[in-house]
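Chains as they are written, first to last, in the working numbering: chain D, 33 to 360; chain Y, 12 to 393.
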């Protein structure tokens, strides 16, 4: 029987600094107290250095519930473009970096990754001035989500016609995602030519390809969509909303607020059937067109041990991680 | 297709069912009220349950709805699905232009708490629980399970282990995140060693006293050889200060676990050190060799396999990977495997000698997150 040549111990080591890089630049005077990411570090870690928009350091809390974390500290570099993050991970200058969805497939087999459940809803959101439901429905019927999923996203995440992902609701399959160009064209034919032109804005450059693909699909239905980055005057936006709860009623309420949809009454979200009804109500009229549910993906250096450092919702769970330094 | 789907009417809900059969009966009742005639049913499974779970649901519904003769006017698709807290049975029924959706649900059941099963490779599961298990010991009819915050004493009954007492361990400071603990049982007397705390009492007595203590732990190897070692109270390792059986005090590197091995050349101590190696020390505690590639938990056994007594060794790896335990002996301070690895479903979180031929291994099951205690028994060949 051969003895394994790998030199690593199963039991956690104390000490070391976890170096994390993120794209977001949080330029507040104080560190964030809520939302995904840094706020998740508390109370196992306490912030000891805060330079808004640049970097933050969190140190292990001796009195943390469940015992002091194994890591001595966590250093977070903000405002790091995705490409720089990938390079820093490759050069071992970072331990945990965000991976853009397009980056995930590259060298994935050799790369250590943490992948959450699909918790990022990618959707189209119309501004109130696009008041004719026919144009919204025509666009919904023209989008080939499967092509986007297969080609642009390399099958990461899930195609959806629902706001809540299947793993949270259990009924997302009840919301179909049909492509019906014939019906879309007939709806567009009822519109005046000026009404057939729309401006689509996307906030994250990583989604430019998806926005352009939607414009191509829309053209097949007779719509003329121009695509631009962070266009405040756009008629519709390609938005990403991060789901913050695995509880379906809470998640639906959160999404409705984030997407400027009427929030369903809390007492009408008790059972799965009530949730389906509420979600159908929110999507009626095509004010929002759900497209995809995507995971949060981190690239992780080989020296980071202790299992997956994020929850299914993508929350940071660094208290059980440790650093395995190279052995003599 | 979209237009039809959007016409689906989701009817008001009813309370969650108790089980799949109850959910199926509820579905059948609603379907009958809608159709009043034969229904063609199709089934699919989107859940993590095996497809075989659809069998009883199908039988329940078909029995209530009857088997359609020719082409029935109503078609219904039944989907077994799930979310994080419930299983869902979703029925989409269509009769002409009319459509309905019903959803029945039942709570996801927690797996059974304790089980006992005989496994291959002399690897016997003796206990399973949600809370970490630091050590398990046996004495006569008793089984003692040590968790970070309590000591549970069970007695053997015909139906399995029955809980007799639970002693809560009050701590003035939190235990380390990777807590360690050791049970030493002599007859009915029990000593519990935790980070910075020692408790003692008897299995049948009323009192069980705990106090803060920096006393060294007694590390044995299922035989006569003992080592006293100081445990670092706020960490998960011994600090390297040891007392040998002849009373001499020695200082070595910090280590996670230790085992005595009787080689042909005499006694050696193995220390699984925090640097990831296992160091071999002579009986006078001189470092004589290093063994790479073992995990951080080792346990010596008192029995002999050939010329030497064996040591059980975990595999190196991460806490997100399955683990295994393998028996080795030493020949000239070089490890010689004497068994195949016994696979475990998650990382080993504790490994302590139990008898001269057995050890307790605790692993955290990667699928369920539960802690499972096994008795690993080594039977050496003739």
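The beta-carbon is built from N, C-alpha and C at its ideal position, and this holds for glycine as well. Note that the structure is a prediction, hence the values are computed from the model and not measured.
Residues that residue i contacts on chain D, provided the C-beta gap is smaller than 9 angstroms
i: residue 57(Y); result: 198, 202 and 205
i: residue 285(Y); result: 41, 43, 45 and 46
i: residue 371(Y); result: The contacting residues do not exist; residue 371(Y) stays about 16 angstroms from chain D at best.
7 angstroms Cβ cut-off: residues of chain D touching residue i
i: residue 144(Y); result: Correct list: empty, because the minimum Cβ distance to chain D is about 15 angstroms.
Coil, strand or helix - residue i by DSSP
i: residue 129(Y); result: Reliability fails at residue 129(Y), whose pLDDT of 25 lies under 50, so the model's placement of it is uncertain and no value is given.
i: residue 198(D); result: helix
i: residue 183(D); result: helix
i: residue 133(D); result: coil
i: residue 224(D); result: coil
i: residue 289(D); result: helix
i: residue 380(Y); result: coil
i: residue 364(Y); result: strand
i: residue 72(D); result: helix
i: residue 239(D); result: helix
i: residue 235(Y); result: coil
i: residue 51(D); result: strand
i: residue 17(Y); result: For residue 17(Y), the pLDDT reaches just 37, beneath the cut-off of 50, and the residue's location in the model is therefore unreliable, although a value from the coordinates is still provided. Helix, per DSSP.
i: residue 65(D); result: coil
i: residue 118(Y); result: strand
i: residue 4(D); result: The shown model of chain D, from 33 to 360, leaves out residue 4(D), and the question about it has no answer.
i: residue 26(D); result: Coverage of chain D is limited to positions 33 through 360, which leaves residue 26(D) absent and any answer about it impossible.
i: residue 42(Y); result: helix
i: residue 232(D); result: strand
i: residue 119(D); result: helix
i: residue 214(D); result: helix
i: residue 107(Y); result: coil
Proximal chain Y residues relative to residue i, where beta-carbon distance stays under 8 angstroms
i: residue 187(D); result: Per Cβ cutoff of 8 angstroms: no residues; residue 187(D) is ~18 angstroms from chain Y at best.
i: residue 351(D); result: 188
Amino acids of chain D, ordered along the chain, whose beta-carbon sits closer than 8 angstroms to that of residue i
i: residue 308(Y); result: 42 and 43
Cross-chain neighbours of residue i in chain Y, by beta carbon under 7 angstroms
i: residue 278(D); result: 95
i: residue 101(D); result: 188
i: residue 361(D); result: With chain D covering only 33 through 360, there is no way to say anything about residue 361(D).
i: residue 340(D); result: 331
Contacts of residue i in chain Y (Cβ-Cβ under 9 angstroms)
i: residue 220(D); result: Result: empty, since nearest Cβ-Cβ is about 15 angstroms, beyond 9 angstroms.
For the region 263-283 of chain Y, which residues have a CB atom closer than 8 angstroms to at least one CB atom of chain D, in sequence order?
-> 267 and 283
What beta strand (DSSP E) runs, 3 residues minimum, are completely inside the region 274-298 of chain Y?
-> 277-284 and 289-293
Please name the residues in the region 167-188 of chain Y whose beta-carbon is closer than 9 angstroms to at least one beta-carbon of chain D, in chain order.
-> 184, 185, 186, 187 and 188
Stretch pair the region 298-307 of chain D + the region 97-117 of chain Y: three plus CB contacts closer than 8 angstroms = yes
Going along the region 82-116 of chain Y in order, which residues come within less than 9 angstroms of chain D, judged by CB to CB distance?
-> 90, 92, 93, 94, 95, 96, 97, 98, 99, 101, 103, 112, 113, 114, 115 and 116
Check whether the region 347-359 of chain Y touches the region 330-339 of chain Y, counting contact only when three or more Cβ pairs, one atom from each stretch, lie closer than 8 angstroms.
-> yes
Contact between the region 188-200 of chain D and the region 318-330 of chain D: three or more CB pairs below 8 angstroms?
-> yes
Count the C-beta pairs between the region 312-325 of chain Y and the region 312-319 of chain D that are closer than 8 angstroms, then say yes if the count reaches three, no if not.
-> no
For the region 239-263 of chain Y, enumerate the residues whose C-beta is nearer than 8 angstroms to any C-beta of chain D, in chain order.
-> 245, 246, 247 and 248
What residue ranges within the region 247-271 of chain D form continuous beta strand (DSSP E) runs of no fewer than 3 residues, ordered along the chain?
-> 256-261
What residue ranges within the region 147-212 of chain Y form continuous beta strand (DSSP E) runs of no fewer than 3 residues, ordered along the chain?
-> 153-157, 161-168, 171-179, 192-197 and 200-205
Would the region 238-246 of chain Y and the region 373-385 of chain Y be scored as touching if the rule is three or more Cβ pairs under 8 angstroms?
-> no
Near-chain D residues of the region 315-344 of chain Y (beta-carbon distance less than 8 angstroms), N- to C-terminal order = 325, 326, 327, 328, 329, 330, 331, 334 and 337
Alpha helix (DSSP H) runs wholly inside the region 273-349 of chain D, at least 4 long, in chain order = 280-290 and 304-315
Length at least 3, wholly inside the region 313-349 of chain Y: the beta strand (DSSP E) runs in chain order = 322-325, 334-342 and 345-348
Could you name each continuous alpha helix (DSSP H) segment of 4 residues or more that falls completely within the region 146-184 of chain D, going from the start of the chain to the end?
-> 165-174
Using 8 angstroms as the Cβ pair cut-off and three pairs as the minimum, do the region 281-300 of chain D and the region 251-263 of chain D touch?
-> no
What runs of the beta strand (DSSP E), each 3 residues or longer, lie entirely inside the region 55-94 of chain Y?
-> 85-93
Is the number of C-beta pairs between the region 288-303 of chain D and the region 113-131 of chain D that are closer than 8 angstroms three or more?
-> no
Hey, is the region 102-121 of chain D in contact with the region 81-88 of chain D, meaning 3+ C-beta pairs nearer than 8 angstroms?
-> yes
Pull out every residue of the region 91-117 of chain D whose Cβ sits closer than 8 angstroms to any Cβ of chain Y, in chain order.
-> 94, 95, 96, 97, 98, 99, 100, 101 and 102
Interfacial residues, the region 356-369 of chain Y to chain D, with Cβ spacing under 7 angstroms | 358 and 359
Three-pair Cβ contact test at 8 angstroms for the region 205-221 of chain D versus the region 141-159 of chain D | no
In chain order, which continuous runs of the beta strand (DSSP E) of length 3 or greater are located wholly inside the region 243-272 of chain Y?
-> 249-254 and 260-262
Report the residues of the region 58-73 of chain D with a CB closer than 7 angstroms to any CB of chain Y, ordered along the chain.
-> none
Positions along the region 213-237 of chain D whose CB lies within less than 9 angstroms of some CB in chain Y = 215
Take every Cβ of the region 213-224 of chain Y, pair it with every Cβ of the region 274-281 of chain Y, and state whether three or more of those distances are shorter than 8 angstroms.
-> no
Are three or more beta carbon pairs between the region 164-183 of chain D and the region 284-296 of chain D nearer than 8 angstroms?
-> no
Could you tell me whether the region 115-125 of chain D touches the region 63-70 of chain D, using the rule of 3 or more Cβ pairs below 8 angstroms?
-> no
Is the region 340-356 of chain D in contact with the region 155-172 of chain D, if contact means three or more CB pairs nearer than 8 angstroms?
-> no
At a cut of 8 angstroms, does the region 103-111 of chain Y reach the region 44-63 of chain Y through at least three beta carbon pairs?
-> yes
For the region 277-306 of chain D, enumerate the residues whose C-beta is nearer than 9 angstroms to any C-beta of chain Y, in chain order.
-> 278, 279, 280, 302, 303, 304, 305 and 306
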